[in-house]
Each structure stands twice: as structure tokens, then as C-alpha cells.
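For reference, the structure is listed below as C-alpha cells.
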Amino acid sequence: MVRFEEEGKKLYNVAIIGAGPAGIFSALELVKKHPEWKILILEKGTRIEKRKCMIRNGAPSCPPCKKCGLLCGWGGAGAFSDGKLTLTPDVGGHLSEYMPRQKVEELIKYTDDIYLEFGATDVVHGTNMEDVAEIERAATLAELKLVYSPVRHLGTERSLIVLKAMQDYLSEKTDIITDEAAKHLIIENGEIRGFTTDKGNTYYAENVIVAPGREGADWLSHELANTDAELVNNAVDVGVRVEIPAAVMEHITDKLYESKLIYYSPTFGDEVRTFCMNPHGEVVCENYNGIATVNGHSYADKKTKNTNFALLVSKRFTEPFKEPIQYGQHVARLANMLSGGVLVQRFGDLLDGRRSTPERMRNSILTPTLTSATPGDLSLVLPHRHLSSIIEMLLALDKIAPGVAARHTLLYGIEVKFYSSRVKIDNNLETCGVKNLYAIGDGAGLTRGLIQASASGILAANSICNK
64 MVRFEEEGKK LYNVAIIGAG PAGIFSALEL VKKHPEWKIL ILEKGTRIEK RKCMIRNGAP
124 SCPPCKKCGL LCGWGGAGAF SDGKLTLTPD VGGHLSEYMP RQKVEELIKY TDDIYLEFGA
184 TDVVHGTNME DVAEIERAAT LAELKLVYSP VRHLGTERSL IVLKAMQDYL SEKTDIITDE
244 AAKHLIIENG EIRGFTTDKG NTYYAENVIV APGREGADWL SHELANTDAE LVNNAVDVGV
304 RVEIPAAVME HITDKLYESK LIYYSPTFGD EVRTFCMNPH GEVVCENYNG IATVNGHSYA
364 DKKTKNTNFA LLVSKRFTEP FKEPIQYGQH VARLANMLSG GVLVQRFGDL LDGRRSTPER
424 MRNSILTPTL TSATPGDLSL VLPHRHLSSI IEMLLALDKI APGVAARHTL LYGIEVKFYS
484 SRVKIDNNLE TCGVKNLYAI GDGAGLTRGL IQASASGILA ANSICNK
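In this text, residue positions in the sequence shown follow my numbering: the first is 64, and each later residue adds one.
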């Protein structure tokens, strides 16, 4: 299956670490341009049809699993997400820093067409510019900034179908190895040679693409820490998942599906943003290396009476602090310590300075979709600066969607987005300091969403093909 042997070593043209959207789209582009090449895809989780989550299957709480079924496996964290493709360079990554905006737009269009080819829905939300202008005006009056982002919404069910089709296609054209994690990169004289795995295997390749996703961001940072590759601190996003009656934001979600809103808190001046809005969706638990965190999904064919979205406070640390991922993990662990998993609090209880209790939750008009969350007090978990900024953002959102800051609004914690210390790469996405090593996707700190992660894979693949 491999191209040739050199000194007894099996050698691939390209080896890809991680089968999330970045890794998958790297492979799709490589087999298209060079079908004769031998390509390896290594994934620490399982194949798409074998992925499972105890919570999704009815377990009362997150176990947590050694390898989270929501985050690991073919499709990465995006497999069980609600499958939102934001079709603009302004959302979901930093590709515009490596190529002209027009080229990024063309790359996103090319990437989107591949999703369509493998079965994505042809419906795009947020294309009516009159609706966009109306919402933008209301946001401006509330001191909020609306980032325009048309969205192709797959839904979790369709996402799984699309990813399965990609897996089946690539299974015939590449070597796919699942349930095996990369352990150490093999770097000699400033050049990548391959990597070892947790099963004691060694794989050699002329080129290696690392796409470990957010779940593998910490691993990548540690692997590159003692090499000539340069790492730059990335921001860490810490916040809560907000759940409200769907009717509260229907006048917005019916027009845009997902509104990307940014607010600068008056007290501290920190950036707070909405993220991953799920109309008629549900709140879910995730497991990052044994730490229970919160997220949200929506389904194309299954509706709840609630809408959820994240409010995230972005914080970029400066010298001498170099552990933003550990910082986010520490905050999430506090919530786990207090609640045994995910914590939930009514907004009214937070404002009153008291914890939510099971009795107060029963008296709420809003039924939580994550029933395993434990009522508690977020003020004992979130830093005061973050909590203050989140409260101010909720009050601002209430001006454009009355009811967001209602007393019965539910806040789940903690939601954390772990971004790797950003790997310094050139315009070809090749790491500066390690030849033939390409760092892409969310795990490299390059992207923050499905479409740009996928596009980064295509860009890296083309860079290798054009050598």
C-alpha cells in the first residue's frame, strides 16, 4: 500500500494526523491532484459509524470517557456539531492573513462546493440583505457589532451522512488507521521524518500534515515546544452556554439562522461574542481529556422549544504567561469540582447573588435540554472579569431580543474553546523551523470553524502538490 521502502522503512508521500475537517479535506485534495500518491490518515478516535456518546445514548451524566466520542473519531468535533458552514472570510479563522481576501473567498467557495458534492444541503441562510441591514441597525443601537456571515446549515444528521460519504470515498484511495494516536513527531535536522504512535508503531512520510483539532491542541504545542518551530500565544475563550425560549430570538434566527455579534464590555473593555447559535437546539456535554465542558447542537429534523448559544470572553495573555490552554482547563475543572460535571444557573439567581437549586429550577418557565447539569453558582467558577463582561453582554442582547436577560434564562458552564499556541507558518501553511511539516485547522490555532478548517486542508495539500 505504500510507495516504496527505504532502509526497511515504509514511506508515505503524505501522512495526515487527524481526521477532522482539516485532515479530511487535505486528503480529498491530495487524491484529486495525485491519485498515484500513497497517503496515510491517522485518527485517534474511531470510524464515523462506530462513534458514540454515552450522553447522547441516554446516560444521566458524562462518564467521562477516555476518548470523548463527541470530539474524537472520523469527522473530529465537527461530526456531531450542528454542521454550520459560515461562508465568509470574516468568521472562523485567520486564512486572510496568509492570502488575499479574494483568494480566501474563492477557496471557501471551492470548499463549499466539495461539501455539496458529498451531500450537503443546498439551502443558505442569511442572504436577504434587507434583513441583514435591519438586524445590523438594531445591533448598532445596542452597541453590538453584527458580523455578516451567510450560513449553510447541515444539521447533525446530514453532517454525519456527508462525513460518512467522505470516509467511504477516501477508504478506497488512502490508508486510514483509526483508534491510534500520534505520540511523538520525528524531526531530524530541522525536517519532519514521520511520527510514532501510542501503539508502538512508527510511520514515515515525505510530508506530514498535523490537524489534531482542538482536542489535540495541547499535544501539538508540547511536541513543537522543543523544536525550531515558533509558537505564539493564542487567545483562550471562556464563557457560558445560554439557553432561552426559541421565541425570544426567532425574529433574528428566522432571517440569519446564526447571528455573530460582538460586544466590548464597558467595565473592562473585553471582547465578548456570540458563538454557535442553535435555534430549536439542545445543550450537550463534552469531555476534553477528562474535563466536562458544555456545547450546543441543533438538528435539521428534530426541534426543541429552546435556542442556545455561547457567550465567550476572549482573552489573549502576554509574557511571561504561556499556558492559555491550561488556564481554560483550570476554570472548567472548577465547575466540575463544584457540580460533578456541567453546572447550570438561572440568570436571575446569578443577579441576586444566590445559587440555583433543584427547587428553583423546577419553578422556572424554561425546561433545560441538558438534564444532567447540576444547579449551582457560576460566580464561584468564572473570574469576576469574565462574569461581569458576560452579564453586560446579556443586557445588551436584551435590547435587540427582549427576553434574553430574563430571570429564567439558563447559563451553563463552563464553555471553553481551546486553541493551540499558534504555530508560526508561512503562506503555504508550512511550519517555520520544521521543513515539510504543515500545521492546519483549529488545533494549530489557524482556524475556528468548519469551513476555514476544511479550506486550510485544501491549501496545505495544494502547497505540497505544487512543490
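Glycine included, C-beta positions come from ideal geometry on N, C-alpha and C. Just so you know, these numbers come straight off a predicted model, no measurement behind them.
- The C-beta separation of I488 from C495 comes to about 6 Å, placing the pair in contact by the 8 Å criterion.
- The three-state reading of DSSP puts A78 in strand, counting E and B together.
- Beyond the five residues adjoining it in sequence on each side, K246 comes within less than 8 Å, by CB distance, of F258, T259, T260 and D261 in the same chain, given in chain order.
- Assignment of M340 by DSSP, reduced to helix, strand and coil, places it in the strand class.
- Cβ-Cβ separation between G404 and C125: approximately 5 Å, consistent with a contact (criterion under 8 Å).
- Non-local beta-carbon contacts of N270 in its own chain, meaning distances under 6 Å to residues more than five positions away in sequence, involve V77, N499 and I527 in chain order.
- G416 and L474 have their alpha carbons spaced roughly 14 Å apart.
- Put simply, the backbone Cα of L248 is about 39 Å away from that of A436.
- Under the DSSP definition of a beta bridge, R409 partners with L473.
- For Y390, the uninterrupted alpha helix (DSSP H) run begins and ends at P387 to S402, by DSSP.
- In the DSSP annotation of this structure, the continuous segment of the alpha helix (DSSP H) that includes K95 starts and ends at P84 to K96.
- Going by beta carbons, S322 and E455 fall outside the 7 Å limit.
- N341 and I87 have their alpha carbons spaced roughly 25 Å apart.
- For the stretch 186 to 264, the full-length beta strand (DSSP E) segments reaching 3 residues or more read 208 to 210, 214 to 216, 238 to 240, 245 to 251 and 254 to 260 along the chain.
- E422 and H471 have their alpha carbons spaced roughly 13 Å apart.
- Beta bridge pairing from DSSP links A268 with Y75.
- Less than 7 Å separates the beta-carbon of I354 from that of R396.
- Rounded to whole angstroms, the Cβ separation of T370 and I307 is 6 Å, and the two are in contact under 8 Å.
- Setting aside the 5 residues that flank it on each side, V444 is surrounded in the same chain by V394, L397, A398, L401, L406, G476 and I477, each with a C-beta closer than 7 Å to its C-beta; the list follows chain order.
- Runs of the beta strand (DSSP E) lying entirely within the stretch 435 to 523, each at least 3 residues long, are 473 to 480 and 500 to 502 in chain order.
- Excluding sequence positions up to five before and after E493, its CB lies within less than 6 Å of the CB of Y501, all in the same chain and listed in chain order.
- Burial is judged here by how many other beta carbons sit within 10 angstroms of a residue's own beta carbon; R336 has at least 16 and is buried.
- By the CB criterion at 7 Å, G81 and G276 fall inside the cutoff.
- Taking a cut-off of 8 Å on C-beta distances, the stretch 509 to 522 touches the stretch 171 to 181, as three or more cross pairs fall below it.
- Residue range K323 to Y327 is occupied by the beta strand (DSSP E) that includes K323.
- By DSSP's assignment, F372 forms a beta bridge with V305.
- Contact check for G302 and H449: beta-carbon distance about 7 Å, within the 8 Å limit, so the pair qualifies.
- Under the three-state reduction of DSSP output, S377 falls in the strand class.
- Using a Cβ distance threshold of 7 Å, L217 and A196 do not count as a contacting pair.
- In this chain, K147 is not harboured by any alpha helix (DSSP H); it is covered by the beta strand (DSSP E) spanning K147 to T149.
- Beta-bridge annotation (DSSP): T356 is paired with E349.
- The residues G155, S212, V214, G512 and I514, in chain order, have a CB closer than 7 Å to that of T149 in the same chain once the five nearest residues on each side in sequence are set aside.
- In the DSSP annotation of this structure, the continuous segment of the beta strand (DSSP E) that includes L103 starts and ends at I102 to L105.
- Excluding five sequence positions before and after A468, the CB atoms of its chain that fall closer than 8 Å to its own CB belong to F410, L457, L458, L460 and D461, given in chain order.
- Distance between P431 and L375, taken at the CA atoms: about 20 Å.
- Residue pairing of D364 in beta bridges, as defined by DSSP: absent, with no partner found.
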